[in-house]
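Here the structure comes first, spelled out in structure tokens, and everything after it is commentary.
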Amino acid sequence: AILLRDTTRGIDVAYNYGMFSFDEPGFVGRLMRGRMLYWMAPLNGTLMLRQYELRNREVVAQELALAPGQKYELARFLEWNAQPENAQYLYDPFRDNCSTRVRDALNRVLGGQLRRHLEADTTDQTFRSHSLRLLANDPAPHAGLMLALGQPTDIPLTEWDAAFIPMELRDA
Numbered sequence: 302a303i304l305l306r307d308t309t310r311g312i313d314v315a316y317n318y319g320m321f322s323f324d325e326p327g328f329v330g331r332l333m334r335g336r337m338l339y340w341m342a343p344l345n346g347t348l349m350l351r352q353y354e355l356r357n358r359e360v361v362a363q364e365l366a367l368a369p370g371q372k373y374e375l376a377r378f379l380e381w382n383a384q385p386e387n388a389q390y391l392y393d394p395f396r397d398n399c400s401t402r403v404r405d406a407l408n409r410v411l412g413g414q415l416r417r418h419l420e421a422d423t424t425d426q427t428f429r430s431h432s433l434r435l436l437a438n439d440p441a442p443h444a445g446l447m448l449a450l451g452q453p454t455d456i457p458l459t460e461w462d463a464a465f466i467p468m469e470l471r472d473a
């Protein structure tokens with residue numbers, strides 16, 4: 302999520318790109334085919350953070366040093382993206398997820414600088430190695446990934462590609 306907070310103007314909005322519904326028509330079929338619909342929704346920032354904390358989920362708030370014009374452009378883009386006709390997206394765990402949506406929004410207001418910087422370095426990690434590391438304590442998805450992920454998931458990632466994981470984006 303991207304949290305916009307301005308205490309002088311009373312703004313406290315978290316634009317959360319990780320929204321989906323178990324009640325979505327055809328949920329199980331979409332899940333099995335990798336065709337999940339996700340969307341972005343503006344939420345009360347303080348309440349969203351409390352909900353994560355109540356569920357004992359780690360939350361990291363990272364303040365970004367954006368110029369005033371970049372902040373304005375980011376707020377305009379997020380407001381546009383939150384409109385019902387713009388909010389939904391077809392979830393892809395590696396290429397289009399809640400972390401890549403944040404990354405892409407930031408890259409947009411930075412005039413492409415984030416992408417240029419992060420594509421300059423290749424990591425020693427792959428989509429497969431990250432996935433297996435993140436699922437190490439859960440053998441069923443681990444086994445499924447070993448069967449489902451083909452060779453393209455074994456190509457070393459740039460830091461840009463690795464930012465499909467929120468912690469990698471945060472660290473970059």
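Here this note's numbering is used: position 72 in the sequence shown is 373, and no number is missing along the way. Just so you know, even glycine gets a beta-carbon here, dropped at the ideal spot from N, CA and C. Quick caveat, the model's predicted, so the values are computed rather than measured.
By the Cβ neighbour-count rule, R356 is exposed, with fewer than 16 other Cβ atoms within 10 Å of its own. Of the residues L379, M468, L436, the one whose Cα lies closest to the Cα of S400 is M468.
In the three-state DSSP reduction, D307 falls in the strand class (E or B). Exclusion of the five residues before and after E354 leaves V360 as the residues of its chain whose Cβ lies within less than 7 angstroms of its Cβ. Sequence-distant Cβ neighbours of L407 in its own chain, meaning closer than 7 angstroms and more than five residues away, are L415. Under the DSSP assignment, L367 falls outside any beta strand (DSSP E); it carries neither an H nor an E label.
T427 is positioned such that its CB atom lies closer than 9 angstroms to that of D455.
Distance from the Cα of K372 is smallest, within the candidate group R471, R334, R402, D307, for D307.
For the options L332, W340, I466, P385, the alpha carbon positioned closest to that of L433 is the one of I466.
Excluding the 5 residues flanking it on each side, D425 has same chain C-beta neighbours closer than 8 angstroms at P457, in chain order. CA-CA distance, P343 to A421, rounds to 33 angstroms.
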